[in-house]
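Working notes, beginning with the structure itself.
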């Protein structure tokens, strides 16, 4: 049983309550919750690794730390852009067209989570179909190990499109700010948990929440295995035919064919530039979809 993942999810409600009583803003609650969750999962990975050979080395942690800084700045910029776009659209949007305004939080939160996963699910599935979307998304699949820290190794464009497709519908539909923060925290925590290299299974819970057992298969180098596009929950995979049972073992190999997944700066620079630079893309063999 993957107890670290379950304990983390169980800790979220009391954490949110404690932050509210301490007077923390939603933004600070989200930041603190994300960092504490990442620290907990990285500690658990060291203590109970599913695959010891997937434990990140110093150079990989430095790479992931650089992406943490880059994407934190991207996330902050994206928040400003989404807010500005939402204000512009709401000026054209009748006040009565905000159906979630005033809805009880206990009912609104699961709807926010489900809706918040739909846009990123669709974009994620599109990005795996080769073309420009894959040139953006390939960076996240390049590591040859799957662990909590390299969840952060994601192209800034990928961060922006996820944020836009998730947060803009929340704002336009009138979800309460606290509900948005709680849903965002759950989705963010889940994104780290499903990448965490922690031993143990969650069994029937694979059909209710995203788990490492499901997501490791998504990082397989073989297309037939690389499904399960959802992260926080498998709802849209189940409804749209892309959910696959995790089985008893993980994929034999993860990564991207033709792209070395180590921490060499030249590789990551090329992957960062690939969406904009045809020459860089050719240098990475057009970041091929899979072997």
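Residue numbers (UniProt numbering): 1 to 291. For glycine and all other residues, C-beta sits at the position ideal for the given N, C-alpha and C.
Run of the alpha helix (DSSP H) containing residue i, from where it starts to where it stops
| i | result |
| --- | --- |
| residue 156 | 156 to 172 |
| residue 53 | Premise fails: residue 53 is in no alpha helix (DSSP H) and is neither H nor E. |
| residue 237 | 235 to 240 |
| residue 145 | No alpha helix (DSSP H) contains residue 145, which DSSP labels as neither H nor E. |
| residue 243 | No alpha helix (DSSP H) contains residue 243, which DSSP labels as neither H nor E. |
| residue 216 | 212 to 218 |
Assigned secondary structure, residue i (DSSP; H/G/I helix, E/B strand, else coil)
| i | result |
| --- | --- |
| residue 103 | coil |
| residue 180 | helix |
| residue 25 | coil |
| residue 82 | helix |
| residue 259 | strand |
| residue 267 | helix |
| residue 283 | Residue placement at residue 283 is flagged as unreliable, the pLDDT there being 41, under the threshold of 50; the coordinate-derived value follows with that caveat. Correct three-state label for residue 283: helix. |
| residue 254 | strand |
| residue 209 | coil |
| residue 152 | helix |
| residue 198 | strand |
| residue 5 | helix |
| residue 121 | helix |
| residue 277 | coil |
| residue 175 | coil |
| residue 14 | helix |
| residue 110 | helix |
| residue 88 | helix |
| residue 249 | coil |
Alpha carbon of residue i to alpha carbon of residue j, nearest angstrom
| i | j | result |
| --- | --- | --- |
| residue 145 | residue 266 | 19 Å |
| residue 257 | residue 221 | 7 Å |
| residue 169 | residue 134 | 24 Å |
| residue 51 | residue 5 | 16 Å |
| residue 177 | residue 26 | 8 Å |
| residue 10 | residue 38 | 15 Å |
| residue 157 | residue 107 | 32 Å |
| residue 192 | residue 45 | 12 Å |
| residue 195 | residue 210 | 10 Å |
| residue 154 | residue 18 | 31 Å |
| residue 223 | residue 180 | 34 Å |
| residue 285 | residue 138 | Unreliable positioning characterises residue 285 in this predicted model, as indicated by a pLDDT of 42, which lies under 50. The coordinate reading is nonetheless provided below. Going from the Cα of residue 285 to the Cα of residue 138 covers about 12 Å. |
| residue 15 | residue 34 | 11 Å |
| residue 242 | residue 131 | 20 Å |
| residue 64 | residue 149 | 6 Å |
| residue 260 | residue 268 | 10 Å |
| residue 53 | residue 78 | 35 Å |
| residue 92 | residue 84 | 13 Å |
| residue 204 | residue 36 | 27 Å |
| residue 55 | residue 102 | 45 Å |
| residue 68 | residue 41 | 16 Å |
| residue 87 | residue 122 | 24 Å |
| residue 21 | residue 32 | 15 Å |
| residue 129 | residue 136 | 12 Å |
| residue 254 | residue 140 | 11 Å |
| residue 237 | residue 219 | 15 Å |
Own chain, CB closer than 6 Å to residue i, minus 5 neighbours either side, in chain order
| i | result |
| --- | --- |
| residue 201 | 213 |
| residue 250 | 216 |
| residue 124 | 229 |
| residue 276 | none |
| residue 293 | Nothing in the structure corresponds to residue 293, since the chain is present only between 1 and 291. |
Spatial neighbours of residue i in its chain, beta-carbon cut-off 7 Å, leaving aside the 5 residues before and after
| i | result |
| --- | --- |
| residue 113 | 183, 186, 187, 232, 233 |
| residue 244 | 217, 227, 228 |
| residue 173 | 98, 99, 100 |
| residue 3 | 200 |
| residue 166 | 116, 119, 120 |
| residue 295 | The requested residue 295 does not occur in the structure, where the chain is confined to residues 1 to 291. |
| residue 75 | 159, 163 |
| residue 225 | 217, 251 |
Min CB distance residue i to chain C below 8 Å
| i | result |
| --- | --- |
| residue 192 | Here there is only one protein chain, and chain C is not present. |
CB-CB length for residue i against residue j, believed under 8 Å
| i | j | result |
| --- | --- | --- |
| residue 197 | residue 246 | Not really, about 15 Å apart at Cβ, beyond 8 Å. |
| residue 142 | residue 271 | 6 Å |
Residues near residue i by beta carbon distance below 8 Å, same chain, minus five either side
| i | result |
| --- | --- |
| residue 126 | 133 |
| residue 49 | 55, 197, 198, 199 |
| residue 82 | 163, 164, 167, 168, 171 |
| residue 299 | In the structure displayed, the chain extends from 1 to 291; residue 299 sits before or after that span and is not available. |
| residue 43 | none |
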